[in-house]
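Engineer:
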Amino acid sequence: MNQSWDALKDHHAAVEGRPILDLFTDGTRAADFSATADGMIFDYAKTNIDTRGRALLLQLAERAGVADKRTAMFAGAKINETEGRAVLHTALRNMDTPLTVDGQDVTIALRATHARMQAFAADVRAGRFTGQGGQITDVINIGIGGSDLGPAMAVLALAPFHDGPRVHFISNVDGAHAADILRGLNPATTLVIVASKTFTTIETMTNAETVRVWMAQTVANPAAQFVAVSTAADKTAAFGIDPERVFGFEDWVGGRYSMWGPIGLSIMLAVGPDGFADFLRGGAAMDAHFREAPFAQNLPVLLALVGLWHNQICGHATRAVLPYDQRLSRLPAYLQQLEMESNGKRVSMDGADLPYHSGPVVWGEPGTNGQHAFYQLIHQGTRVVPCEFLVAKRGHEPDLAHQHLLLVSNCLAQSEALMRGRSLAEATAIMASKGLTGAELDRQARHRVFPGNRPSTTLAYDQLTPFVLGQIIALYEHRVFVEGVVLGVNSYDQWGVELGKELALALQPVLEGRAGTDDKDGSTARLAAWFRS
Ligand code: F6P
Numbered sequence: 090m091n092q093s094w095d096a097l098k099d100h101h102a103a104v105e106g107r108p109i110l111d112l113f114t115d116g117t118r119a120a121d122f123s124a125t126a127d128g129m130i131f132d133y134a135k136t137n138i139d140t141r142g143r144a145l146l147l148q149l150a151e152r153a154g155v156a157d158k159r160t161a162m163f164a165g166a167k168i169n170e171t172e173g174r175a176v177l178h179t180a181l182r183n184m185d186t187p188l189t190v191d192g193q194d195v196t197i198a199l200r201a202t203h204a205r206m207q208a209f210a211a212d213v214r215a216g217r218f219t220g221q222g223g224q225i226t227d228v229i230n231i232g233i234g235g236s237d238l239g240p241a242m243a244v245l246a247l248a249p250f251h252d253g254p255r256v257h258f259i260s261n262v263d264g265a266h267a268a269d270i271l272r273g274l275n276p277a278t279t280l281v282i283v284a285s286k287t288f289t290t291i292e293t294m295t296n297a298e299t300v301r302v303w304m305a306q307t308v309a310n311p312a313a314q315f316v317a318v319s320t321a322a323d324k325t326a327a328f329g330i331d332p333e334r335v336f337g338f339e340d341w342v343g344g345r346y347s348m349w350g351p352i353g354l355s356i357m358l359a360v361g362p363d364g365f366a367d368f369l370r371g372g373a374a375m376d377a378h379f380r381e382a383p384f385a386q387n388l389p390v391l392l393a394l395v396g397l398w399h400n401q402i403c404g405h406a407t408r409a410v411l412p413y414d415q416r417l418s419r420l421p422a423y424l425q426q427l428e429m430e431s432n433g434k435r436v437s438m439d440g441a442d443l444p445y446h447s448g449p450v451v452w453g454e455p456g457t458n459g460q461h462a463f464y465q466l467i468h469q470g471t472r473v474v475p476c477e478f479l480v481a482k483r484g485h486e487p488d489l490a491h492q493h494l495l496l497v498s499n500c501l502a503q504s505e506a507l508m509r510g511r512s513l514a515e516a517t518a519i520m521a522s523k524g525l526t527g528a529e530l531d532r533q534a535r536h537r538v539f540p541g542n543r544p545s546t547t548l549a550y551d552q553l554t555p556f557v558l559g560q561i562i563a564l565y566e567h568r569v570f571v572e573g574v575v576l577g578v579n580s581y582d583q584w585g586v587e588l589g590k591e592l593a594l595a596l597q598p599v600l601e602g603r604a605g606t607d608d609k610d611g612s613t614a615r616l617a618a619w620f621r622s
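Be aware that the sequence shown starts at 90, since it is given in this note's numbering, and climbs by one per residue.
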């Protein structure tokens with residue numbers, strides 16, 4: 090095991106409990122413990138990482154071979170070893186730079202597919218491609234996981250740039266999801282994108298069939314209004330989708346990393362090919378930063394190292410992602426898949442048990458809403474939750490600039506409050522000024538103490554544009570990569586989702602009454618009997 094882990098643990102033991110505020114004494118910390126990339130600022134000054142801690146963390150990354158692995162990933166080496174695949178989602182946003190893998194320039198096919206996407210999106214948006222009842226008014230993206238979360242998050246994030254047809258998302262196999270989305274839509278002017286890398290995912294294929302039946306009630310030829318996005322051309326053909334409207338991609342694009350390519354078709358339909366190109370440019374800018382910036386100034390490396398410090402070294406099991414940007418309200422859900430499906434692993438690449446915890450539990454909600462819900466626990470609960478704030482300097486509503494100012498003041502106040510806290514003496518003084526005395530003063534004051542010294546980071550950017558969204562998403566992708574390399578796990582497989590899928594398949598005949606429960610545990614058998622009754 091990399092020796093730096095022990096050195097970091099020793100260092101943590103020596104500084105644990107030190108007030109983070111004390112680190113600000115010489116006036117240089119705020120600048121020193123922040124880094125920038127193309128206008129984006131990452132501030133990690135409000136953590137208990139000091140100069141020595143940072144040096145040890147940087148050493149950890151160096152000794153883990155992050156630089157060599159980074160070169161290998163961008164070059165198309167098969168770093169997804171358990172599936173024997175390259176990891177090349179970065180090529181989707183750097184299509185103009187030739188990249189030879191297995192003797193072939195893979196960017197030629199990427200550019201061709203991208204050009205077809207652009208032409209199709211332009212046709213739909215201009216009314217040259219129509220439904221059987223006229224111009225397409227609504228698009229439904231049917232997909233789940235990586236074929237849903239990224240596009241759904243991005244379409245919401247880019248609402249101010251949305252000038253195409255309305256876009257809806259159906260993911261859950263719960264029929265309620267399809268029913269609620271379909272209600273009120275006109276089948277004759279609706280375009281359906283079936284988005285599935287494998288084209289076998291039961292939720293997506295079931296919903297695709299449901300929507301096809303819904304459309305067939307009104308429209309003579311539903312298949313003409315279906316598009317597929319998949320790596321499985323044989324299966325899209327078997328479903329009856331014209332190859333002209335199938336947008337393929339390679340197996341070296343992981344599902345949760347796939348919104349940059351054809352899985353992003355719904356985004357392109359919403360904001361147009363130019364807006365989508367800006368999104369790609371933002372991702373490419375972060376790629377360049379990740380490849381070129383020294384580790385001490387490198388945003389993905391720093392985000393990963395701060396995360397490793399909080400989770401593996403300090404032992405904080407969760408991390409809250411708190412965008413003070415309402416349009417990023419689906420970012421936490423998107424990051425849950427990106428980070429937890431990637432680094433939620435129990436063995437290292439060679440199959441050995443991990444000697445430390447894998448990636449953290451990621452969760453969150455936009456501010457200020459979360460402040461009126463779970464921030465109570467963040468400020469006064471017994472567990473420490475490292476917080477990651479995101480905030481834009483400018484909103485998109487110039488008439489509501491006063492609301493944006495309130496938003497930003499709340500964001501800055503929360504990280505300040507988490508670090509500063511409120512001592513018993515301060516709380517006592519406040520309550521005494523309200524007239525309390527004696528035992529009641531003491532009791533009431535104790536409820537108003539904030540322990541403080543709770544770490545947070547802030548990612549600040551000018552405004553949520555397609556370019557900035559591209560930067561943010563690529564930043565998080567590379568953070569996951571760095572964290573995965575340091576932990577020694579394969580961030581690009583997801584075997585942990587398989588067992589549940591297999592058991593669900595086996596339970597279908599049980600719930601239909603075609604199979605018994607002899608091989609089931611008592612709880613599962615009883616619940617199955619409850620359903621049957
Ligand atoms: O079950 C998990 C998963 O395989 C994710 O990794 C993936 O993003 C999702 O299912 C959807 O897969 P597909 O795009 O093949 O339908």
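The beta carbon of each residue, even a glycine, is placed where N, CA and C say it ideally should be. All of these numbers come straight from a predicted model, not from anything done at the bench.
Where does ARG532 land, buried or exposed, given buried means 16+ other C-beta within 10 angstroms?
Structural biologist: Along the sequence shown, one-based indexing puts residue 532 at 443. Classification for ARG532: exposed.
Engineer: Within the present structure, is the beta-carbon of THR320 separated from the nearest heavy atom of the ligand F6P by less than 6 Å?
Structural biologist: Reading the sequence shown from its first residue, position 231 is the one you call residue 320. No, the ligand F6P has no heavy atom inside 6 Å of this Cβ.
Engineer: Bridge partners of GLU477, per DSSP?
Structural biologist: Here the question's residue 477 lines up with position 388 in the sequence shown. BP columns for GLU477 point to VAL410, THR546.
Engineer: Taking the continuous alpha helix (DSSP H) assigned at SER498, which residues delimit it?
Structural biologist: For this step, residue 498 is matched to residue 409 along the sequence shown. Here the alpha helix (DSSP H) through SER498 covers 490 to 509.
Engineer: Which first and last residues belong to the beta strand (DSSP E) in which VAL624 is found?
Structural biologist: Summary: the structure shown does not reach residue 624, with the chain confined to residues 90 through 622, and so no result is reported for it.
Engineer: Using a Cβ-based criterion (distance less than 6 Å to any ligand heavy atom), does ILE233 qualify as near the ligand F6P?
Structural biologist: Walking along the sequence shown from the start, residue 233 turns up at place 144. Yes; taking the cut-off as 6 Å, the Cβ of ILE233 has a heavy atom of the ligand F6P nearer than that.
Engineer: Roughly how many angstroms lie between the CA atoms of MET520 and SER504, to the nearest whole one?
Structural biologist: Locating residue 520 in the sequence shown gives position 431, counting from the first residue. Locating residue 504 in the sequence shown gives position 415, counting from the first residue. Whole-angstrom Cα-Cα distance: 24 Å.
Engineer: Which runs of the beta strand (DSSP E), 3 residues or longer, sit entirely within the segment 525 to 576?
Structural biologist: Runs of the beta strand (DSSP E) inside the segment 525 to 576: 545 to 550.
Engineer: Going by the C-beta, is SER504 closer than 6 Å to any heavy atom of the ligand F6P?
Structural biologist: For this step, residue 504 is matched to residue 415 along the sequence shown. Result no, Cβ not under 6 Å from the ligand F6P.
Engineer: Measure the alpha-carbon distance for PHE570 versus ILE168 and round it to whole angstroms.
Structural biologist: On the sequence shown, residue 570 is found 481 positions in, with the first residue counted as 1. On the sequence shown, residue 168 is found 79 positions in, with the first residue counted as 1. Distance between the alpha carbons of PHE570 and ILE168: 11 Å.
Engineer: Could you tell me the alpha carbon to alpha carbon distance between TYR346 and HIS536, rounded to whole angstroms?
Structural biologist: By one-based count along the sequence shown, residue 346 stands at place 257. By one-based count along the sequence shown, residue 536 stands at place 447. Using only the alpha carbons, I get a separation of about 45 Å.
Engineer: Identify the continuous beta strand (DSSP E) that holds PHE258 and give its terminal residues.
Structural biologist: Residue mapping note: residue 258 aligns to position 169 of the sequence shown, counting from 1. Counting along the chain, the beta strand (DSSP E) containing PHE258 begins and ends at 255 to 259.
Engineer: Report the partner residues of VAL360 according to the DSSP bridge assignment.
Structural biologist: To locate residue 360, count along the sequence shown from 1; it is residue 271. Looking at the DSSP assignment, VAL360 forms no beta bridge with any residue, so it has no partner.
Engineer: Return the Cβ separation of ASP442 and ARG174 in integer angstroms, given the expectation that the two are a contact with Cβ distance under 8 Å.
Structural biologist: Residue numbering aside, residue 442 sits at position 353 when the sequence shown is read from its first letter. Residue numbering aside, residue 174 sits at position 85 when the sequence shown is read from its first letter. About 24 Å separates the two Cβ atoms, so there is no contact after all.
Engineer: By how many angstroms is the C-alpha of ASP121 removed from the C-alpha of TYR628?
Structural biologist: No answer is possible for residue 628: the residues shown for the chain start at 90 and end at 622.
Engineer: Given a cut-off of 7 Å on the beta-carbon distance, is the pair VAL308 and GLN221 in contact?
Structural biologist: Numbered from its first residue, the sequence shown carries residue 308 at position 219. Numbered from its first residue, the sequence shown carries residue 221 at position 132. In this structure, GLN221 lies closer than 7 Å to VAL308 by Cβ.
Engineer: Any contact of the segment 421 to 441 with the segment 570 to 580, i.e. 3+ C-beta pairs under 8 Å?
Structural biologist: Contact between the segment 421 to 441 and the segment 570 to 580 is present, because at least three Cβ pairs lie under 8 Å.
Engineer: Which residues does DSSP pair with ASN174 in a beta bridge?
Structural biologist: Within the sequence shown, the letter at position 85 stands for residue 174. Per the sequence shown, residue 174 should be read as Arg rather than Asn. Answer is ASN169, bridged to ARG174.
Engineer: Pull up the distance between the alpha-carbon of VAL281 and that of VAL300, whole angstroms please.
Structural biologist: Here the question's residue 281 lines up with position 192 in the sequence shown. Here the question's residue 300 lines up with position 211 in the sequence shown. The straight-line gap from Cα to Cα measures roughly 8 Å.
Engineer: Could you please give me the residues that DSSP links to ILE130 through a beta bridge?
Structural biologist: Counting from one through the sequence shown, the residue named residue 130 turns up at place 41. Per DSSP, THR125, ALA549.
Engineer: PRO389: buried (16+ other C-beta within 10 angstroms of its C-beta) or exposed?
Structural biologist: Here residue 389 is taken as the residue at index 300 of the sequence shown, counted from 1. The residue is buried, with at least 16 neighbouring Cβ atoms inside 10 Å.
Engineer: With a threshold of 16 other CB atoms inside 10 Å of the CB of GLU566, please say whether the residue is buried or exposed.
Structural biologist: The sequence position of residue 566 within the sequence shown is 477, counting from 1. With 16 or more other Cβ atoms within 10 Å, it is buried.
Engineer: Determine the direct distance from the alpha carbon of ASP115 to that of LEU264, and round the result to whole angstroms.
Structural biologist: Counting from 1 along the sequence shown, the entry for residue 264 is found at position 175. Counting from 1 along the sequence shown, the entry for residue 115 is found at position 26. Reading the sequence as shown, one finds Gly at residue 264 and not Leu. Going from the Cα of GLY264 to the Cα of ASP115 covers about 60 Å.
Engineer: If you measure between the beta carbons of HIS178 and VAL342, is that distance less than 7 Å?
Structural biologist: Here residue 178 is taken as the residue at index 89 of the sequence shown, counted from 1. Here residue 342 is taken as the residue at index 253 of the sequence shown, counted from 1. Yes. Within cutoff.
Engineer: Going by other Cβ atoms of all chains shown within 10 Å of its Cβ, with 16 needed for buried, is ALA490 buried or exposed?
Structural biologist: If you number the sequence shown from 1, residue 490 lands on position 401. Exposed, because fewer than 16 other Cβ atoms sit within 10 Å of the Cβ of ALA490.
Engineer: Does the distance between the C-beta of LYS286 and the nearest non-hydrogen atom of the ligand F6P fall short of 6 Å?
Structural biologist: Position 197 of the sequence shown, counted from the first residue, corresponds to residue 286. Yes, the ligand F6P has a heavy atom inside 6 Å of this Cβ.
Engineer: Apart from the five residues just before and just after PRO412, which ones in its own chain have a Cβ nearer than 6 Å to its Cβ?
Structural biologist: For the purposes of this step, residue 412 is taken as the residue at position 323 of the sequence shown. LEU420, PRO455, LEU479, listed in sequence order.
Engineer: So MET508 packs on LEU110, CB below 8 Å; how close in whole Å?
Structural biologist: If you number the sequence shown from 1, residue 508 lands on position 419. If you number the sequence shown from 1, residue 110 lands on position 21. About 6 Å separates the two Cβ atoms, so the contact holds.
Engineer: How about VAL262 and ALA317: do their beta carbons lie closer than 7 Å?
Structural biologist: Counted from its first residue, the sequence shown places residue 262 at position 173. Counted from its first residue, the sequence shown places residue 317 at position 228. Their beta carbons are not under 7 Å apart, which means VAL262 does not touch ALA317 by this criterion.
Engineer: Say yes only if the C-beta of GLN583 is nearer than 6 Å to one or more non-hydrogen atoms of the ligand F6P, and no if none qualify.
Structural biologist: The residue given as residue 583 occupies position 494 in the sequence shown. Answer for GLN583: yes, Cβ within range of the ligand F6P.
Engineer: Considering only their Cβ atoms, is the gap separating MET242 from TYR423 smaller than 7 Å?
Structural biologist: The residue given as residue 423 occupies position 334 in the sequence shown. The residue given as residue 242 occupies position 153 in the sequence shown. Against a cut-off of 7 Å, the Cβ pair of MET242 and TYR423 comes out as a contact.
Engineer: In three-state terms, what does DSSP make of ASN579?
Structural biologist: As a first step, residue 579 must be located in the sequence shown, where it is residue number 490. Residue state, collapsed to three classes: coil.
Engineer: With C-beta atoms as the reference, is PHE315 less than 7 Å away from ILE330?
Structural biologist: Taking the sequence shown and counting its residues from 1, one reaches residue 315 at position 226. Taking the sequence shown and counting its residues from 1, one reaches residue 330 at position 241. In contact: PHE315 and ILE330 (Cβ atoms closer than 7 Å).
Engineer: If you reduce the DSSP assignment to three classes, tell me which class GLY142 lands in.
Structural biologist: Residue mapping note: residue 142 aligns to position 53 of the sequence shown, counting from 1. Helix, per DSSP.
Engineer: Per the DSSP calculation, PHE315 is bridged to which residue(s)?
Structural biologist: Sequence index remark: in the sequence shown, residue 315 carries index 226 (1-based). PHE315 is bridged to VAL281.
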